[in-house]
């Protein structure tokens, strides 16, 4: 298939859709625009042409290196093409080069997935990596994936998510964001929806980007409460430092979450899947029997939970002064932590060279955009409201029609279509608007910090 | 050279080394290579062995008691004989200056010689750094408070205490957030230092200190950890550099054989593929798993067969193990493919696993020929999370699960009890050895077994016993005739094993976790060192600190 053909066919599809869809109601639009993975290449072509915010993207990843033109070019990108063809070690000299590559028209080379790697010590050009070229800089990244919670999820498993388990991600964002800002003092933190079932976190402060491996894993461990080991033990979490400021703050969030979501909403104390799991975590056979008995006579998830808390508290009291006390004193918290505390993938965060899906790329399976999440309003983020690329196409068409109506009827279609508008502006006409604004705010704050730094440096120069 | 640079301020090398009080400090950062002098190969070897004895003692003691405890200090003093103690741990101050100087000379020389011995292999590096850091910490802890502060000051590590006012304001938070053994210790903590968290990673990692806005509030008591962390990074960096220098040097007839023999007692074979030929194919894996796999491999194999899937770490650990016992790449691919497909994986999705397998066999990416994991790496490595099946069952299983598993493999109750008791004391490798003895009892007759250091060693020895005809390669070094008085259990005494380097069990992280400066991240540190080094490799060859060339 040559380029010309592709051009033609997609053009006609576009025209057809424009005439078909005339509803502007968002909900109906969504229904009309249900995403089919088969048409991904078609849709992606439009997306890279009209939506992907190249300019902001470049301003972000170039990190203010105005005089050092090569900086962006040192970054590894990994492109995944149709049928899982991986192209690792790709790099782009500048924004224009990147645009050119992503906007190539041949469907065989359109990237289905874009991953971002580290900054290397020298320009990488080929798939074979020269061993003396090593990663030197990398945002501190976290990847929280719902599948890691399968052990304790009551609603769904695997790649599925629902309104019941998504709050786990919200809790993860809250806990991690607090630690990164308050404890570690990072300021430029970018949370992104992974497109399907998780969230990614990019910490972009200069200090974070230049962290060594040891420091990265130290931060992850500082955040970790559910450790490995103890295979076969029901209650895997052990908390010995519940008074540490960071732990105490996290526990408050965990307890509130557990009560609201697991006890009240998911009714864990009446659930066939959750109750046995929870009870087994008590570990002491006599205690389990006792709690079971009390619970059998109590109805309602919250009442049952209260009586469990009562029984356990008494049990812990009785152990006071014995050597076991240390192991049981925080058991209530430990159980709740095991159910909902964030589960981090250490391997993603600790190395410099791990790839992470780019913000604003499209998840190839769901077709949803990897949009940023405002951590201050994490509660109100709904993954099912995130637009799919199909929906965006539809919305653009609607906006286009509206624009056309305002313009002179006689204006030919081509004139409107070919009018040069930057994606940043174009995307704001659709439900991607808020996401673009969030991204913009994030990049502006970064830029302000570089400016402050430069000013400071200049001030210092003046003093001499 | 900024290898010892502080994150807060750049430290000039001269400042660290202008050691005006030289004779009073036993503690040494070993920033300076030995003075130029020529020593002969015999001396070279003798010095190395002497220091190895000391390091082995440190390793052994750390198995038994937690670092920093009174028992630990006692055991160190007891286990290291007087002469060595005066030379390496604590100088006898009332002695002639000649002796003091000689001791110091040996200390420095032997340290740099062992750097050369252990720098050429990741695992050996790890071991050496861990022991040297322990030695360093012990020396430092033996100094009195005023000497320590003088030492820190001399080394340009004089951190500024937290101002009184700030201290008063956040005192309640500090009390709660600072790790302590008991309340009296908490009350005694009145002097805090505000340090960039990057300098107190070990304390941060374990949430031992309060953290705010990137500052770690470290009590005086934990400052030692900070200094040790610094020393660890420094050593890791130096060893990485050194390994390149040695690799680049043309020397191969005089020094290298000595280094090899000194290091050889350490790991023996690396069990990379192709050393042995057992005739392994996908079809006889189940049988081999039943007969000869160590528990870790058996566990992963059975889960692969049962769940038709293995997660990343298990795929690596098991895959490399299989490669090590001689399974061909095509066979390994076949094994994973068949099982994963049974688990419902599509051809397309398997593609990335294909890449993984090819990578393991050195056919993709950096094309490194990866070697199978040793016991130490598995035991100290990343512990298995939910649904993970890698790791060491003796280390990572809950005792009741281990018990049940052993029973199901037909281990008699008495044997189970013995194994569990070893595990509870943190002797995971000895427990594995015991398991080997029990399961190979008939063939072993009265032969005694050295402790298992490597899952692939387990397999080889098992094959050697059960089907000697399938083993083409050399004689076992593993079994000893009963006539030779070697008892496994007492085997770890320093005298007998001083030469053989770091063998024996690895300490339990649980027991010592509380005051343990984790070396979990040593791999990372080593990698970091290499990374930052690759960018400065030009300056390397002219670096004055490569003293080994002169020492030799």
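Protein chains in written order, with the working numbering: chain B, 894 to 1357; chain Y, 15 to 566. Here a beta-carbon is modelled for each residue, glycine too, at the ideal position from N, C-alpha and C.
- When DSSP assignments are scanned along the segment 1116-1153 of chain B, the uninterrupted stretches of alpha helix (DSSP H) that are 4 or more residues long and fall wholly within it turn out to be 1138-1150.
- Interface criterion met: the Cβ of residue 977/B is under 8 Å from a Cβ in chain Y.
- The distance from the Cβ of residue 277/Y to that of residue 132/Y is about 6 Å, consistent with a contact at the 8 Å cut-off.
- Interface annotation, residue 182/Y: not in contact with chain B, CB-CB separation never under 8 Å.
- With its beta carbon less than 8 Å from one in chain Y, residue 1139/B belongs to the interface.
- Cβ neighbours of residue 149/Y within its own chain (closer than 6 Å, five residues either side excluded): 72.
- When CB distances to chain Y are screened at a threshold of 7 Å, the residues of the segment 1122-1136 of chain B falling below it are 1122, 1123, 1124, 1125, 1126, 1134, 1136, in chain order.
- Proximity to residue 1232/B across 936/B, 1083/B, 1170/B, 945/B peaks at 1170/B, based on C-alpha coordinates.
- Residue 1053/B sits exposed, since fewer than 16 C-beta atoms from the chains shown fall within 10 Å of its C-beta.
- Nearest neighbour of residue 95/Y by Cα position, chosen from 54/Y, 65/Y, 113/Y, turns out to be 65/Y.
- For residue 1187/B, same chain residues with a beta-carbon under 7 Å away, outside a window of 5 residues either side, are 1200, 1204 in chain order.
- The beta carbon of residue 224/Y sits closer than 8 Å to some beta carbon of chain B.
- For residue 1051/B, no chain Y residue has a C-beta closer than 9 Å to its own C-beta; the minimum C-beta separation is roughly 11 Å.
- CA-to-CA, the gap between residue 167/Y and residue 216/Y works out to about 21 Å.
- Of all residues in the segment 204-222 of chain Y, the ones placed with a Cβ closer than 7 Å to any Cβ belonging to chain B are 211, 212, 215, 218, 219, 221, in chain order.
- Spanning the alpha carbons of residue 1281/B and residue 1238/B requires a straight line of approximately 27 Å.
- In this chain, residue 214/Y is not harboured by any beta strand (DSSP E), its DSSP state being neither H nor E.
- Secondary structure of residue 297/Y (DSSP, three-state): helix.
- Secondary structure in the segment 1017-1063 of chain B: the beta strand (DSSP E) runs of 3 residues or longer, each lying completely within the stretch, are 1028-1030, 1033-1038 in chain order.
- Within the same chain, 296 come within 6 Å of residue 349/Y by CB-CB distance, once the 5 residues on both sides are set aside.
- The continuous alpha helix (DSSP H) containing residue 201/Y extends over residues 197-202.
- Contact between the segment 1245-1262 of chain B and the segment 1003-1014 of chain B is present: three or more C-beta pairs spanning the two stretches fall below 8 Å.
- Taken through DSSP and simplified to helix, strand or coil, residue 1008/B comes out as strand.
- Interface criterion not met: the Cβ of residue 1030/B is under 8 Å from no Cβ in chain Y.
- With respect to the 8 Å criterion, residue 1242/B and residue 1035/B are classified as neighbours on the basis of their beta carbons.
- Residue ranges of uninterrupted alpha helix (DSSP H) with 4 or more members, entirely inside the segment 46-81 of chain Y and ordered along the chain, are 55-78.
- Taking the Cα positions, residue 1014/B is about 18 Å away from residue 1100/B.
- For residue 1076/B, the C-beta contacts it makes with chain Y under 7 Å involve 225, 226, in order along the chain.
- Counting along the chain, the unbroken alpha helix (DSSP H) around residue 1188/B starts and ends at 1178-1189.
- With distances taken between CA atoms, residue 1177/B lies nearest to 1220/B out of 1230/B, 1220/B, 1065/B.
- For a Cβ distance threshold of 8 Å, residue set 1121, 1122, 1123, 1124 of chain B lies close to residue 410/Y, ordered along the chain.
- Contact with chain B is found for residue 365/Y, since one of that chain's Cβ atoms lies less than 8 Å from the residue's Cβ.
- As a beta-bridge residue in DSSP terms, residue 1266/B pairs with 1084/B.
- Among the CB atoms of chain Y, one or more fall inside 8 Å of the CB of residue 1044/B.
- 302/Y is the residue among 343/Y, 302/Y, 440/Y, 364/Y whose C-alpha sits nearest the C-alpha of residue 484/Y.
- Taking C-beta atoms as the reference points, residue 222/Y and residue 193/Y count as a pair closer than 8 Å.
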